[in-house]
Amino acid sequence: MAFTEKQEALVKDSWEILKQNIPENSLRFFTTILEIAPAAKAMFSFLRDSDEIPQNNAKLKSHATKVFKMTCESALQLREKGEVTVSDTTLKYLGSVHVKNGVIDLHFEVVKEALLRTIKEAVGENWSEEMGCAWSEAYDKLAAAIKAEMKQEP
Ligand code: HEM
Ligand code: ISQ
18 MAFTEKQEAL VKDSWEILKQ NIPENSLRFF TTILEIAPAA KAMFSFLRDS DEIPQNNAKL
78 KSHATKVFKM TCESALQLRE KGEVTVSDTT LKYLGSVHVK NGVIDLHFEV VKEALLRTIK
138 EAVGENWSEE MGCAWSEAYD KLAAAIKAEM KQEP
């Protein structure tokens, strides 16, 4: 089914709420990833050498923010042209970063679940199934592009 204006608005509006507290929401996103998959800790450079999740880590915040922003961008593209395209250089780079750090397809489900839970918590009473579906679809299309690129990696 086509991605509607309404779906795009649900994604955009919730991102507007979420971005008002990047430090807390990026930390929550990351903490949720590790709750679901504790072993993922070893893949992240900013965690490898610490026992706890750093509370104020610039890399964690900027990476988490990028994931959210890229998913929003993906929603916009889905509505505008019905497909998600990531620039070649960005895709190549992300493909190699993820392969290099040992990310596999299954992990994308973990990050998706964590992303959805983070949005749900952040927007509180504004949450709806429809909002979850819109983020889900945008994320899946973006994830598919990154996964395809990862398979091209030597
Ligand atoms: C790094 C985005 C899925 C694990 C990154 C970076 C971005 C990103 C933007 C930073 C690259 C850089 O500037 O160095 C995304 C997006 C995803 C996704 C948009 C899904 C649509 C995943 C999944 C995992 C994962 C499923 C596995 C749990 C990592 C790791 C790094 C990374 C380990 C390197 C972090 C470091 O140590 O610097 N990702 N990612 N990512 N991502 Fe993802
Ligand atoms: C990198 N890739 C996917 C998800 C992330 C969450 C937090 C920080 C970095 C990330």
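The numbering used here runs 17 ahead of the 1-based position in the sequence shown. Idealized CB from N, CA, C, for every residue including glycine.
Asked	Found
Start-end ranges of the alpha helix (DSSP H) lying completely within the stretch 116-163, minimum 4 residues	122-140
Pair within 9 Å by beta-carbon distance, valine 28 and methionine 167	no
Proximity test, asparagine 118 beta-carbon vs ligand 1 heavy atom, cut-off 8 Å	yes
Other residues of its chain near asparagine 118: CB distance less than 7 Å, five sequence neighbours each side excluded	Met60
Residue closest to lysine 164, alpha-carbon to alpha-carbon, out of Glu142, Thr135, His124, Cys150	His124
Boundaries (first-last residue) of the alpha helix (DSSP H) holding aspartate 66	Taken as a continuous stretch (DSSP letters only), aspartate 66 belongs to no alpha helix (DSSP H), as it is neither H nor E.
Ligand 3 site residues, beta-carbon cut 7 Å against heavy atoms	Absence of ligand 3 is noted for the structure shown, with ligand 1 and ligand 2 being the only ligands found.
Beta-carbon gap between threonine 82 and serine 31 smaller than 9 Å	no
CB-CB length for leucine 95 against phenylalanine 47, believed under 8 Å	Wrong, their Cβ atoms sit about 26 Å apart, outside the cutoff.
Valine 101 beta carbon near ligand 1 (any heavy atom closer than 8 Å)	no
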